[in-house]
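K.L.:
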Amino acid sequence: MELQLFKTLWGHQGALDESARQALDAGFVGLEGNADNLPRDELRAVLQSRNLAYIQEIVTGGNYVPRRHDTVLEHIADVERQLQLGRSLEPQWVTVIGGCDAWM
């Protein structure tokens, strides 16, 4: 088994190319981020030019604090929609933060 380290884009406020440089300088092999919230064309160009892998992060229900009244089917639809958004980025993996802790 090979340990691979990815730099998260969560909370990163600089340019994507700067994030990629930081990742490479720290020995990371890729970036992780939410394709729904990032400029995908720019991210794809940065990943390709820096030869970095990508982990797509999917968050359902609108954001990290989900809409409380979304149904299970709406959360599933969010996953499907975001998978389509991320296809062109060719993610190595996909992580999903799904559902709502406060469902009634």
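Residue numbers (our numbering): 451 to 554.
We put the beta carbon where it would ideally sit given N, CA and C, even for glycine.
Please classify asparagine 487: is it buried, with 16 or more other beta-carbons within 10 angstroms of its beta-carbon, or exposed?
P.N.:
In the sequence shown, counting from the first residue as 1, residue 487 sits at position 37. The residue in question, asparagine 487, is exposed, as its Cβ has fewer than 16 Cβ neighbours within 10 Å.
K.L.:
Pick helix, strand or coil for valine 544, following the three-state DSSP scheme.
P.N.:
Working through the sequence shown from its first residue, we reach residue 544 at position 94. Residue state, collapsed to three classes: strand.
K.L.:
Does the count of Cβ pairs from the segment 535-546 and the segment 482-498 closer than 8 Å reach three?
P.N.:
yes
K.L.:
Which residue from Val496, Glu524, Gln498 puts its Cα closest to that of valine 509?
P.N.:
For this step, residue 509 is matched to residue 59 along the sequence shown. Taking only the C-alpha atoms, the option nearest valine 509 is Glu524.
K.L.:
Report the residue from Val496, Asn513, Pro489 whose alpha carbon sits nearest the alpha carbon of valine 479.
P.N.:
Position 29 of the sequence shown, counted from the start, is the residue given in the question as residue 479. Out of Val496, Asn513, Pro489, Val496 has the C-alpha closest to the C-alpha of valine 479.
K.L.:
Using the Cα positions of valine 544 and aspartate 520, report the straight-line distance between them to the nearest angstrom.
P.N.:
Looking up residue 544 in the sequence shown gives position 94. Looking up residue 520 in the sequence shown gives position 70. Roughly 22 Å between the two C-alpha positions.
K.L.:
By DSSP's criteria, tyrosine 504 is part of a beta bridge. Which residues make up the other side?
P.N.:
For this step, residue 504 is matched to residue 54 along the sequence shown. Paired residue(s): Leu481.
K.L.:
Assuming the contact rule is C-beta atoms closer than 8 Å, valine 546 and valine 529 should be a hit. Round their C-beta distance to whole Å, please.
P.N.:
Taking the sequence shown and counting its residues from 1, the one referred to as residue 546 is at position 96. Taking the sequence shown and counting its residues from 1, the one referred to as residue 529 is at position 79. The C-beta distance from valine 546 to valine 529 rounds to 6 Å, short enough to fall under 8 Å.
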